[in-house]
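Student:
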Amino acid sequence: MKKTGKLQIELSRGQEIALVVLLLAAGIFVRGFHFGMSPVGIHQDEAMTAVDALALSQYGTDRYGMRFPVHFTAWVGSQQSVLLAYCMVPFIRLFGFSTVTVRLPMLTVSCLGLLALYFLGKEAGGSRTGLILLSLGVICPWHYMQSRWSFDCNMFPHMFLFGVCLLLAGMRKRWMLYASMVFFALCCYSYGVADYSVPLFLLAAALYLVRRKWIRMRELVLCFCIFAALALPEYLSMLLTALGGETIETPFFTIPSFLESFRGNDILLTNFSWEQLWKNIAATVTVVWGSGDKSATNTIVRFGPVYYLTVAFFLVGLAALAATLSGKRERQSVWQKEASDGNGENEREARSKLACVVLLLWLSMGIWVGLITKEVTINRINVIFYVVLAIAAVGIEWCLDRQLLLSLPIGAYYAACALLFAVTYFGSWSDVSRIYYYDPYVQALEYAENLECEIYYITPDPQGEGVNAVGEILTMYCHEIDALYYQGVSNIQDGRECLPYSERYRFMDVSEEILAENAGKPVVYLVRADFLYLFDENGYDITSFYDSYFVIVEK
């Protein structure tokens with residue numbers, strides 16, 4: 006390590022690699038700390054994906070019996086993307102079915118995303134920008150929170166990041182360009198939002214790359230063919246659903262058509278109004294650059310998705326990108342000069358400008374998602390957070406390039422935020438989040454599974470009155486319901502013959518008539534507190550779970 010003009014510090018290649026490894030190790034450690042325990046419980050969408058992944062690992066179908074679907078039926082009227090479930094399958098086959106194993110794919114992909122951030126930053130501004138961006142990713146609240154539980158849509162930003170990194174690297178090695186199309190296509194199996202956003206990004210990027218002669222027309226055609234071939238089944242599924250067509254079964258996978266689907270109503274273009282557009286704009290600004298969506302599963306409001314100071318550096322970074330593209334940013338940090346000399350300097354500058362253009366196209370795509378998607382949440386606009394961090398890293402690098410001593414207050418701010426976030430996450434937030442991950446309900450279900458009985462009566466709506474499907478999917482997760490048993494093909498569950506699924510599991514609130522009908526029978530009741538009055542303590546054993554749910558059996 007040595008100092009060079011204006012307190013600039015130059016790292017050797019070995020020191021840089023060591024620092025990257027250290028930061029990655031720190032990021033992996035903090036994400037793996039008490040993994041599977043916080044958040045405690047299981048989210049309904051997480052359970053849904055896990056149940057379908059379990060069926061895929063056993064039978065090659067989803068829980069309904071559809072063979073290798075390219076899109077899940079999931080909540081029937083609200084479908085679910087498949088990529089995360091397919092990623093869960095090898096973990097389930099290797100390590101069994103548990104909360105840890107179903108969350109491991111998201112942890113793995115998120116940690117790979119941290120490494121990809123370093124390479125993205127290095128392309129955009131040099132080694133220091135890469136290290137800054139990696140540091141921001143390690144401590145980012147959004148990135149940390151989404152890495153510790155499995156939500157299908159959260160695969161989207163990672164797949165897109167991998168695609169962008171390979172796209173930029175593909176300007177030097179063409180096989181990486183073609184590999185990037187694989188990841189861009191996988192985006193479409195990560196989240197439905199990708200279907201109407203990724204193609205627009207690719208179109209804009211293609212026009213720029215061809216115009217600037219980064220790629221030839223035949224290379225562009227090959228890229229299009231790779232993306233189209235891989236993404237076609239997903240788009241066919243959406244088209245069949247829209248047109249009311251029939252499901253297509255191939256020898257390798259199924260392209261489903263859904264008779265019920267209301268997600269299209271969330272797209273502004275299908276139901277335009279100026280009022281909704283304004284609400285979408287307000288939601289986008291608040292969620293991305295404000296306090297987040299205030300959902301306990303996604304945000305701790307006092308920190309925001311990316312920490313509030315990051316927003317200021319994002320604005321500085323935007324100005325720096327604009328200056329770079331307009332040719333007005335003449336200064337180069339020593340980190341950039343280190344990577345370029347002679348003819349290499351022009352190549353480095355050209356690649357840096359290309360990275361800047363790609364970042365701006367990415368940001369524009371994220372904003373597009375916010376504008377046309379109904380009042381976005383963090384999950385719906387998750388693809389924008391990586392690029393917000395990247396542009397903020399450019400802004401921090403710009404500040405440090407002018408005064409390296411700014412690294413002290415900047416570092417102190419982020420260190421304090423990271424420490425306070427960790428204390429909050431494993432402290433007060435962990436206690437609150439158990440409600441949103443249904444921990445009392447899950448504990449009650451797990452306890453009830455170990456009781457000898459023929460029939461379960463289970464209160465069906467832990468999310469709220471009338472939301473009956475949530476109770477059933479959480480039960481299927483906690484009791485590891487066999488897909489064939491659920492479909493009625495078999496009466497074997499847990500290696501023994503039981504009543505048919507629809508007779509054994511009854512998702513309804515208890516009444517006096519139900520109690521009278523089942524008097525003296527081996528029945529387990531899982532009820533809310535407001536149904537306790539029906540049970541006489543002298544006649545029933547009552548086990549409480551946080552005074553929210555109660556498992557009851559007749560004495």
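If you count the sequence shown from 1, you need to add 5 to reach the working numbering.
Glycine residues also receive a C-beta, built at the ideal position from the N, C-alpha and C atoms.
It should be emphasised that the depicted structure is a prediction, and the values quoted were computed from it without experimental measurement.
Determine the direct distance from the alpha carbon of Leu112 to that of Trp373, and round the result to whole angstroms.
Tutor: Counted from its first residue, the sequence shown places residue 373 at position 368. Counted from its first residue, the sequence shown places residue 112 at position 107. Their Cα atoms are separated by approximately 28 Å.
Student: Using 9 Å as the threshold, is the C-beta distance between Leu366 and Ala209 below it?
Tutor: As a first step, residue 366 is located in the sequence shown; it is residue number 361 there, counting from the start. As a first step, residue 209 is located in the sequence shown; it is residue number 204 there, counting from the start. Cβ distance < 9 Å, so Leu366 and Ala209 count as in contact.
Student: In the DSSP assignment, find the beta strand (DSSP E) that holds Glu517 and state where it starts and stops.
Tutor: The sequence position of residue 517 within the sequence shown is 512, counting from 1. No beta strand (DSSP E) holds Glu517; the alpha helix (DSSP H) holding it covers Glu517 to Glu522.
Student: Quick check: what's the CA-CA separation for Thr329 versus Ile401?
Tutor: Start at 1 with the first residue of the sequence shown, and residue 329 comes out as number 324. Start at 1 with the first residue of the sequence shown, and residue 401 comes out as number 396. Between Thr329 and Ile401, the C-alpha separation is close to 15 Å.
Student: Among Val198, Arg68 and Ser140, whose alpha-carbon lies nearest the alpha-carbon of Thr382?
Tutor: For this step, residue 382 is matched to residue 377 along the sequence shown. It is Val198.
Student: What does a CB cutoff of less than 8 Å around Glu239 pick up in its chain, not counting 5 residues either side in sequence?
Tutor: In the sequence shown, counting from the first residue as 1, residue 239 sits at position 234. Answer for Glu239: Val75, His76, Cys193, Tyr194 and Asp200, listed in chain order.
Student: Is the segment 46 to 66 touching the segment 155 to 173 in the sense that three or more CB pairs, one from each, lie closer than 8 Å?
Tutor: The answer is yes - the segment 46 to 66 touches the segment 155 to 173, with three or more Cβ pairs under 8 Å.
Student: Does the distance from the C-beta atom of Ile396 to that of Phe308 stay below 9 Å?
Tutor: For the purposes of this step, residue 396 is taken as the residue at position 391 of the sequence shown. For the purposes of this step, residue 308 is taken as the residue at position 303 of the sequence shown. No; because the gap between Cβ atoms is not below 9 Å, this pair is not in contact.
Student: If you draw a straight line from the alpha carbon of Tyr376 to that of Glu517, how long is it in whole angstroms?
Tutor: The count along the sequence shown starts at 1 and reaches residue 376 at position 371. The count along the sequence shown starts at 1 and reaches residue 517 at position 512. Checking the sequence, you will find Leu at residue 376 rather than Tyr. Answer to the nearest angstrom: the Cα atoms are 51 Å apart.
Student: Between Thr104 and Gly41, what straight-line distance do the alpha-carbon atoms span, to the nearest angstrom?
Tutor: Indexing the sequence shown from 1 puts residue 104 at position 99. Indexing the sequence shown from 1 puts residue 41 at position 36. Taking the straight line from one Cα to the other gives about 6 Å.
Student: Going by CA-CA distance only, name the one from Thr480, Ala449 and Arg511 that's closest to Ile547.
Tutor: Along the sequence shown, one-based indexing puts residue 547 at 542. It is Ala449.
Student: I need the straight-line Cα distance from Val475 to Gly168, nearest angstrom please.
Tutor: Within the sequence shown, residue 475 is the residue found at index 470, counting from 1. Within the sequence shown, residue 168 is the residue found at index 163, counting from 1. Answer to the nearest angstrom: the Cα atoms are 34 Å apart.
Student: Name the one or two DSSP bridge partners that Leu531 has.
Tutor: Start at 1 with the first residue of the sequence shown, and residue 531 comes out as number 526. In the DSSP output, where bridge partners are listed per residue, Leu531 has Ile463 and Val556.
Student: Tell me which residue opens and which closes the beta strand (DSSP E) that Cys549 is part of.
Tutor: In the sequence shown, residue 549 corresponds to position 544, counting from 1. Checking the sequence, you will find Ser at residue 549 rather than Cys. Its beta strand (DSSP E) spans residues Tyr545 to Phe550.
Student: Could you tell me whether the segment 451 to 469 touches the segment 55 to 66, using the rule of 3 or more Cβ pairs below 8 Å?
Tutor: Segments in contact, no.
Student: So Phe263 and Thr78 are in contact, right, with Cβ under 8 Å, and what is the actual spacing, rounded?
Tutor: Here residue 263 refers to the residue found at position 258 of the sequence shown. Here residue 78 refers to the residue found at position 73 of the sequence shown. Correct: roughly 7 Å between the Cβ atoms.
Student: Suppose you measure from the CA of Leu359 to the CA of Leu173; what does that come to, to the nearest Å?
Tutor: The sequence position of residue 359 within the sequence shown is 354, counting from 1. The sequence position of residue 173 within the sequence shown is 168, counting from 1. Each residue's alpha carbon lies about 8 Å from the other.
Student: Less than 7 Å between C-beta atoms, sequence neighbours within five positions excluded: which residues of the same chain meet that for Leu520?
Tutor: Here residue 520 refers to the residue found at position 515 of the sequence shown. Taken in chain order, the residues that qualify are Leu539.
Student: Starting from Phe512 and walking both ways along the alpha helix (DSSP H), at which residues does that stretch end?
Tutor: Here residue 512 refers to the residue found at position 507 when the sequence shown is read from its first residue. Where Phe512 is concerned, there is no enclosing alpha helix (DSSP H), although the beta strand (DSSP E) it sits in stretches over Tyr510 to Phe512.
Student: Here's the rule I'm using: 16 or more other beta-carbon atoms within 10 Å means buried, otherwise exposed. How should Val494 be labelled?
Tutor: Indexing the sequence shown from 1 puts residue 494 at position 489. It counts as exposed.
Student: Can you give the beta carbon distance from Cys116 to Gly32, rounded, assuming they're within the 8 Å contact cut?
Tutor: Position 111 of the sequence shown, counted from the first residue, corresponds to residue 116. Position 27 of the sequence shown, counted from the first residue, corresponds to residue 32. Their Cβ separation, rounded to whole angstroms, is 6 Å, which keeps Cys116 and Gly32 in contact under 8 Å.
Student: Count the other CB atoms within 10 Å of the CB of Val81; is the residue buried (16 or more) or exposed (fewer)?
Tutor: The count along the sequence shown starts at 1 and reaches residue 81 at position 76. Val81 should be labelled exposed.
Student: Skipping 5 residues on each side, what residues in its chain have a beta carbon closer than 7 Å to that of Ser185?
Tutor: Reading the sequence shown from its first residue, position 180 is the one you call residue 185. Only Gly168, Leu171, Leu172 and Gly175 meet the Cβ criterion.
Student: Going by Cα to Cα distance, which pick from Phe102, Asp67, Gly135 and Gly101 is closest to Gln85?
Tutor: If you number the sequence shown from 1, residue 85 lands on position 80. Of Phe102, Asp67, Gly135 and Gly101, the residue nearest in Cα terms is Asp67.
Student: Taking Leu139 and Leu28 to be in contact with their CB atoms under 8 Å, please state how far apart those CB atoms are, rounded to whole angstroms.
Tutor: Reading the sequence shown from its first residue, position 134 is the one you call residue 139. Reading the sequence shown from its first residue, position 23 is the one you call residue 28. At roughly 5 Å, the Cβ-Cβ gap stays under 8 Å, so Leu139 and Leu28 are in contact.
Student: Where in the segment 69 to 116 do unbroken runs of the alpha helix (DSSP H), each at least 4 residues long, occur, reported from the N-terminal end onward?
Tutor: For the segment 69 to 116, whole alpha helix (DSSP H) runs of length 4 or above, ordered along the chain, are 88 to 100.
Student: Mapping DSSP to helix, strand and coil, what is Arg501?
Tutor: Position 496 of the sequence shown holds residue 501. Of the three classes helix, strand and coil, the one that applies to Arg501 here is strand, per DSSP.
Student: Do Val392 and Gly126 count as a contact pair if the criterion is CB distance below 9 Å?
Tutor: Looking up residue 126 in the sequence shown gives position 121. Looking up residue 392 in the sequence shown gives position 387. Result no, Cβ atoms of Gly126 and Val392 do not sit closer than 9 Å.
Student: Which residue comes first and which comes last in the alpha helix (DSSP H) that contains Gly32?
Tutor: Mapped onto the sequence shown, residue 32 falls at position 27. First-last of the alpha helix (DSSP H) with Gly32: Arg18 to Gly37.
Student: Leaving aside the five residues before and after Val277 along the sequence, list all residues of the same chain whose C-beta is less than 7 Å from its C-beta, in chain order.
Tutor: In the sequence shown, the residue the question calls residue 277 occupies position 272. According to the sequence displayed, residue 277 carries Phe and not Val. Contacts found: none.
Student: Quick one: grab the DSSP three-state call for Ile272.
Tutor: Your numbering for residue 272 matches position 267 in the sequence shown. Three-state DSSP puts Ile272 in a strand.
Student: Provide the residue span of the alpha helix (DSSP H) that contains Glu280, from first to last.
Tutor: To locate residue 280, count along the sequence shown from 1; it is residue 275. Here the alpha helix (DSSP H) through Glu280 covers Trp279 to Trp294.
Student: Could you check which residue in Ser132, Tyr196 and Pro467 has the C-alpha nearest to that of Phe161?
Tutor: Here the question's residue 161 lines up with position 156 in the sequence shown. Closest by alpha carbon: Tyr196.
Student: Does the distance from the CB of Gly322 to the CB of Trp147 come in under 9 Å?
Tutor: Indexing the sequence shown from 1 puts residue 322 at position 317. Indexing the sequence shown from 1 puts residue 147 at position 142. No. Outside cutoff.
Student: Would you kindly work out how many angstroms separate the C-alpha atoms of Leu273 and Gln281, rounded to a whole number?
Tutor: For this step, residue 273 is matched to residue 268 along the sequence shown. For this step, residue 281 is matched to residue 276 along the sequence shown. Between Leu273 and Gln281, the C-alpha separation is close to 8 Å.
Student: Keeping to the same chain, check which residues put their C-beta closer than 7 Å to that of Val226; ignore five residues upstream and five downstream.
Tutor: The residue labelled residue 226 in the question sits at position 221 within the sequence shown. Same-chain partners within the cutoff: there are none.
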